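Trainee: My questions will all concern the structure given below.
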Amino acid sequence: MEPGAVYPRHVWRSLSEALTDTPVVILQGARQVGKSTLANQLAADRPAVVVTLDDPGVLAVAESDPSYFVSQAGDGMLVIDEAQRAPGLILPLKAAVDRDRRPGRFLLTGSADLLQVKGVGDSLAGRAETFELQPLSQGELGRRSTPEDFVSWLLAEPVLGEFDPLDTASVVRGGYPEVQTRLPRRARDWFASYAGRLSDHDARELHGGGYADHLRALLAILAAGGQQEIVRARLARDLDIAENTVDVYLRTAATMRLVLTLPSWGRSLRGRVARRPKTSLNDTGFTAALAGFTEAHALSLGGREYYGVLVEQFVTTQLHAQNGWSDQPYRMFHYRETDGLEVDIVLELADGRLVAIEVKSASELTPRAWRNLERFRERFADREVVGVCFHTGSRAWRVRGWLNLLPVTSLWQH
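So this is what it looks like as structure tokens:
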């Protein structure tokens, strides 16, 4: 674990490496996922000045004299927390880097995508590298010093055996640091307040005022559907707004790093763009809280179907987080055809190999559970396909050499 960290953050290594060869490093993520804590830990290892634009006085200086502001660290590193609050800093920062391209000069954090914030005058292309900080992964929550890397483990012919069964509480609690030590009711209250403040304050500020109060309703609808394909016309009816306004709200939620999107996989780029992506909130704890879903509901007959959707989202969030540090980088998709063939998650590796994944909330599987994986492999016989069918039990098997039946917990217990 990194010195002083409550939880290890496995993107630490990549961030540290970037600071040795890149002038501007940007750390983005939703509010309260731990960006400020991680930035302060990185600053503790070197001469640095740390400022936060959440402080009104500091923000006033940044806006009144941006050239002075970006030069205040001298030969050290300037850490600017919540940098999206002063988009006018970007052009003076670019000029400072062009005069002196020393690596590690600036570390910016933001709870909004800096490139999407109104008023940003430059992309910092060639000068900056951006990293995403997700809610805590299960390996980070378990304080594993070695980052979990499921895809690398899977492709290296893993030794299979027994794992722990999936704990329902882990899925319902999610990975936001703030809720980890709270009682379930208090965690739900925290998420309700979190959603309200994001909608009433952050979203309005991001749009410069005049922001209609529909974001909270949008987040609740996304929570109710779990990981789903978004039909904009239906969403517009549910929110009682114009369809083009739905796009504005979805872009806002994405800019605030509150949603995860899985594009549709296909052989051609055109085919991928034409099909609808799957969208969900960025964390299953956030989702469950806004949907009013509890551990007790997961055990009830009526709640099993929604729990299955939540488990699929849980697997997606774990793989999304691990992609930030995996030794086998991959792109994430879903797959659906009009003939009924669907695959929950498709990972495409740099060398063209595919990992096709189905997620089941049952603890025991029958051959029907992996039938779509077999059909997918048959349809794309010219591609090397590794199949994974996740379940919530404890036993791991390999079937026919290419298909792995694995506990969800193997994502981090490998």
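Per my numbering, residue 1 is the first one in the sequence shown, and the count goes up by one each step.
No residue lacks a Cβ here, since even glycine has one placed at the ideal position from N, Cα and C.
Note that the structure is predicted; figures quoted are calculated from it, not measured.
Express the C-alpha separation of Pro56 and Val388 in angstroms, rounding to a whole number.
Mentor: Residue mapping note: residue 388 aligns to position 388 of the sequence shown, counting from 1. Residue mapping note: residue 56 aligns to position 56 of the sequence shown, counting from 1. Each residue's alpha carbon lies about 50 Å from the other.
Trainee: Of all the alpha helix (DSSP H) runs that stay within the bounds of the region 155-188, which reach a length of 4 or more residues?
Mentor: Complete alpha helix (DSSP H) runs here, min 4: 168-173.
Trainee: Taking the continuous alpha helix (DSSP H) assigned at Glu63, which residues delimit it?
Mentor: Start at 1 with the first residue of the sequence shown, and residue 63 comes out as number 63. Element bounds for Glu63: 56-64.
Trainee: Contact criterion: CB-CB distance below 7 Å. Does Gln72 meet it with respect to chain C?
Mentor: Annotation note: the requested chain C is absent from the structure, which comprises a single protein chain.
Trainee: Based on the DSSP output, what are the partners of Met256 in its beta bridges?
Mentor: The sequence position of residue 256 within the sequence shown is 256, counting from 1. Partner(s): none; Met256 has no beta bridge.
Trainee: Among the residues of its own chain, which have a CB less than 6 Å from the CB of Ala224, if the five just before and after it don't count?
Mentor: Along the sequence shown, one-based indexing puts residue 224 at 224. Contacts found: Ala291.
Trainee: Please work out which residues of its chain come closer than 7 Å, Cβ to Cβ, to Val273, disregarding the five sequence neighbours upstream and downstream, and give them in chain order.
Mentor: For the purposes of this step, residue 273 is identified with residue 273 of the sequence shown, where counting begins at 1. Its pLDDT being 46, under 50, Val273 is placed unreliably in this model, and the value from its coordinates should be taken loosely. Excluding sequence neighbours, Val273 sits near nothing in its chain.
Trainee: Can you tell me which of the three DSSP states Leu89 falls into?
Mentor: Translated into the one-based positions of the sequence shown, residue 89 becomes position 89. In the structure shown, Leu89 sits in a helix (DSSP, three-state: H, G or I).
Trainee: Taking the straight line between their C-alpha atoms, what separation do you get for Ser71 and Ser64?
Mentor: If you number the sequence shown from 1, residue 71 lands on position 71. If you number the sequence shown from 1, residue 64 lands on position 64. Cα to Cα, the separation comes out at about 14 Å.
Trainee: How is the alpha helix (DSSP H) around Asn404 delimited, first residue to last?
Mentor: Reading the sequence shown from its first residue, position 404 is the one you call residue 404. Note, Asn404: premise wrong, no alpha helix (DSSP H); beta strand (DSSP E) at 403-407.
Trainee: Regarding Pro177 and the ligand NAD, is the C-beta to nearest heavy atom distance less than 6 Å?
Mentor: Looking at this structure, you won't find the ligand NAD or any other ligand, since it has none at all.
Trainee: What residue range is occupied by the uninterrupted beta strand (DSSP E) comprising Gln322?
Mentor: Walking along the sequence shown from the start, residue 322 turns up at place 322. Looking at the DSSP string, Gln322 is not in any beta strand (DSSP E); the run it does join, the alpha helix (DSSP H), is 304-322.
Trainee: Let me check understanding here. Comparing Cα to Cα, which of Ala220, Asp167, Ser300, Leu262 lies closest to Phe333?
Mentor: What you label residue 333 is simply residue 333 of the sequence shown in a count that begins at 1. Ranking the options by Cα distance to Phe333, first place goes to Leu262.
Trainee: Is it the case that the Cβ atoms of Leu373 and Phe150 are separated by a distance below 7 Å?
Mentor: Taking the first residue of the sequence shown as position 1, residue 373 is located at position 373. Taking the first residue of the sequence shown as position 1, residue 150 is located at position 150. No. Outside cutoff.
Trainee: Mark Asp283 as exposed unless 16 or more other C-beta atoms lie within 10 angstroms of its C-beta, in which case mark it buried.
Mentor: Walking along the sequence shown from the start, residue 283 turns up at place 283. Buried, by the Cβ-count rule.
Trainee: From what residue to what residue does the alpha helix (DSSP H) around Ile80 run?
Mentor: The count along the sequence shown starts at 1 and reaches residue 80 at position 80. It is not in any alpha helix (DSSP H) - Ile80 instead sits in the beta strand (DSSP E) that spans 77-81.
Trainee: For Glu342 and Ala242, I'd like the C-alpha separation in whole angstroms.
Mentor: In the sequence shown, the residue the question calls residue 342 occupies position 342. In the sequence shown, the residue the question calls residue 242 occupies position 242. Going by the C-alpha atoms only, they are around 30 Å apart.
Trainee: Give the straight-line distance between the Cα atoms of Pro407 and Tyr68, rounded to the nearest whole angstrom.
Mentor: Locating residue 407 in the sequence shown gives position 407, where the first residue counts as 1. Locating residue 68 in the sequence shown gives position 68, where the first residue counts as 1. Between Pro407 and Tyr68, the C-alpha separation is close to 54 Å.
Trainee: Less than 7 Å between the C-beta atoms of Val315 and Phe390, yes or no?
Mentor: Along the sequence shown, read from residue 1 onward, the residue named residue 315 stands at position 315. Along the sequence shown, read from residue 1 onward, the residue named residue 390 stands at position 390. Yes; because the gap between Cβ atoms is below 7 Å, this pair is in contact.
Trainee: Can you name the start and end residues of the beta strand (DSSP E) that Ile26 belongs to?
Mentor: Residue 26 sits at position 26 when you count from the first residue of the sequence shown. Residues 24-28.
Trainee: According to DSSP, Ala39 sits in a beta bridge with which residue or residues?
Mentor: Taking the sequence shown and counting its residues from 1, one reaches residue 39 at position 39. In the DSSP output, where bridge partners are listed per residue, Ala39 has none listed.
Trainee: Could you check what DSSP says for Thr392 in three-state terms: helix, strand or coil?
Mentor: Translated into positions along the sequence shown, residue 392 becomes position 392. Coil, per DSSP.
Trainee: Determine the contact status of Thr255 and Ala83, defining contact as a CB-CB distance below 7 Å.
Mentor: In the sequence shown, counting from the first residue as 1, residue 255 sits at position 255. In the sequence shown, counting from the first residue as 1, residue 83 sits at position 83. No, the Cβ-Cβ distance between Thr255 and Ala83 is not below 7 Å.
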